[in-house]
Each structure stands twice: as structure tokens, then as C-alpha cells.
Amino acid sequence: MAAEHIHEVLKRASLFLEQHQKEPNIAEILLQHHLQVDRSQMFMRLRDEMPTDSLQSFNRDLKRHAVENVPVQHITGYEYFYGRLFHVNEHVLIPRQETEEVLLKAFEIMSSDTPQTIVDVGTGSGIIGITIALEKPDHHVYATDISPEALHTAKENAKRLGAELTFYEGDFLAPLLQKDMTVDLIVSNPPYIPYTEANNLSEVVRDYDPELALFAKENGLYAYRRILEQAKQILQPGGQIVFEIGFDQGQSVPSLAKNYFPNASIQVFTDMNGHDRIVTITT
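Residue numbering for the sequence shown follows numbering that gives the first Met the number 0, beginning at 0 and increasing consecutively.
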């Protein structure tokens, strides 16, 4: 059998993905991964023959994604967030672009004059807390997660990226409460999908993202309620909260927040797709 050139492999793989209702550009990502090149290097080599070993492993992973629905990020082991590469695995949510918008809103409301104490609640792979620590090195950043496996992933990402922040294992804000700490800003992308919606999720999300990071009791509001309860004890006067929310929670989360912070200024912001995505609470 004649050897395939890289451009032939790319074309075949893209068509294969389309036939399986997958994004054809995943073929490029997998090719770069198996050739260990960036995008420009890959296109410079399009007329080269595809190495046999790389072709075999590429074809295997192509089928894993297209047929078995394994997320490409679990195959490559990484995803980009705010321009940085984060390692991911089955213990953490795969970073999503909408969460970058949540982070931008947090940056927008942070004090630029004095160092603040900030906590990323439910840090997962660490994308929010680590990015804040790297972009705002004068602030004091903490990150919590109840999953030891997720915390291990976050700590490894922080070490590799050179971010200085403190990680605590525990239920939402509980580790900071136990230390009698106070904070100026809480940022969180908590689990917010009701269990009743599980069958409506894509197979990639439902079968591979960790259940602990996806689903919440009380029709998806449990994590918000727990964080708000704890926030009353830990948030400085005039402190702020930035939540990522589900597209249909633009009324329920602010209403819940009013129960705990009746005098707060609460705003809802939409994402790039026009969906309610961010709630900010200024006490």
C-alpha cells in the first residue's frame, strides 16, 4: 500500500469526521498532536509522507473521537484557555470559551489600586485561579475544590505555568472559613446543570466530563446556594461575586442571591452567543 501524504491524511480524516457529525477541524488538532508540530509547521509539511507509526496512532485516535466520542482534549491531554495551555483529564471540566468571558468580567471589576484577596471556588483544572494569579500578580489568589484529583491537576498546571496561588481541598468556601479568612472577590464556575437535563447533553459532555463538576441538586441551584451561604460569612463589606451560570438561570440565580444579599447590586451579562452567562453581585 502506497504511503499517504499528510495533505491526503488530513482530507480523509476531515471527511471521516463530517460523516460522523464531528467538527472536521479536529483532524488538524490530532495531526499536530501526532506529528508534534504547530499549525504552521503542519501546513509546511503537507506534501511530506505521513510517518507510518504516526499514521497508525492518528487513525486510532481519530476513531476514538469520531466513533467513541472521546473528547479530543482527553486524547491530546490539553486545552488552551486565555492563551495558555492547560493539561486536562477525566477529573476536570474541559475549559470552554464562555468561561473566558466570565474571567474578563472578573478582571473588569477587580480593584486596580490595591491588592485584593480572591478565591476561585471549584477550580477544576485551575484555569480561573491560575490565570488571575498570572495576570494580576499583586493580588492574593486562593483556589478550592472538593476533588483531590482535580486539585492535583490544578497544582500541576500552576507549577508548569509558574503561577503563585494557594490551593485548598474542601467544600466550596469551607476551607477558608475554617481559617477565619475574609476575601474581596469570589469567582466561580460551579456545577449548575440539573440532573433532569442529563439526557439532553451531548455524549461527549455527559460521558466524559466529571459528574461532580456538571450536575447540581435543587434544579441546578445547590452550588450557588451553598456558596452564597458561605459568602455571607467570608466576604468583605463591599465585596463582589462573579458566577458563571447556565443559559436559563438569568433569573433564578439573581433571585437566589437577593435572599442572601438583599441590598446588593446584581447584574446579569450575556455571552458571545447572546445567552445569559454571568452574574455579578456587589454587596
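Don't be surprised by glycine CBs; every beta carbon is placed ideally from N, CA and C.
Query raised in the report: For the 8 Å Cβ check, are there 3 or more pairs between the region 23-33 and the region 70-90?
Result: yes
**Report entry** 4 or more residues per run - each alpha helix (DSSP H) lying fully within the region 28-108
**Finding:** 38-43, 51-65, 71-75, 96-108
Requested in this report: Taking all protein chains shown into account, decide if GLU243 is buried (16 or more other Cβ within 10 angstroms of its Cβ) or exposed.
Outcome: By the Cβ-count criterion, GLU243 is buried, with 16 or more other Cβ atoms from all chains shown falling within 10 Å of its own Cβ.
Query raised in the report: Would DSSP call PHE268 helix, strand or coil?
Result: Strand, per DSSP.
Requested in this report: Could you give the DSSP three-state label for TYR191: helix, strand or coil?
Outcome: coil
Query raised in the report: Roughly how many whole angstroms lie between the Cα atoms of ASP208 and ILE93?
Result: 7 Å
Report task. Kindly give me the distance between the Cβ atoms of ALA284 and GLY121, rounded to whole angstroms, as I take these residues to be in contact under 8 Å. Result -> Any property of residue 284 remains undetermined from this structure, which presents the chain solely from 0 to 282.
Query raised in the report: What are the start and end residues of the alpha helix (DSSP H) that includes PRO174?
Result: 173-177
Query raised in the report: Among ILE127, PRO70, MET49, which residue has its Cα nearest to the Cα of LEU184?
Result: ILE127
Query raised in the report: Should the region 99-117 be regarded as contacting the region 135-146, the criterion being three or more beta carbon pairs within less than 8 Å?
Result: yes
Query raised in the report: On the three-state DSSP scale, how would you describe GLN235?
Result: strand
Query raised in the report: At what residues does the alpha helix (DSSP H) containing ALA157 begin and finish?
Result: Unbroken alpha helix (DSSP H) run through ALA157: 147-160.
Requested in this report: Have a look at ALA263, THR143, VAL186, ASP179 and flag the residue whose alpha-carbon is nearest the alpha-carbon of TYR167.
Outcome: Ranked by how close their Cα comes to the Cα of TYR167, the residues ALA263, THR143, VAL186, ASP179 have THR143 in first place.
Requested in this report: Please classify THR113: does DSSP put it in a helix, a strand, or coil?
Outcome: In the three-state reduction of the DSSP assignment, THR113 falls in the coil class, being assigned neither a helical nor a strand state.
Query raised in the report: HIS19 by DSSP, collapsed to three states: which one?
Result: coil
Query raised in the report: Looking at the structure shown, is GLU3 part of a helix, part of a strand, or coil, going by DSSP?
Result: coil
Query raised in the report: How many Å lie between ILE5 and VAL87 at the Cα?
Result: 27 Å
Query raised in the report: Helix or strand or just coil, what does DSSP make of THR130?
Result: Three-state DSSP puts THR130 in a helix.
Report task. Quick one: grab the DSSP three-state call for ALA263. Result -> coil
Query raised in the report: Is it the case that the Cβ atoms of THR279 and VAL182 are separated by a distance below 8 Å?
Result: no
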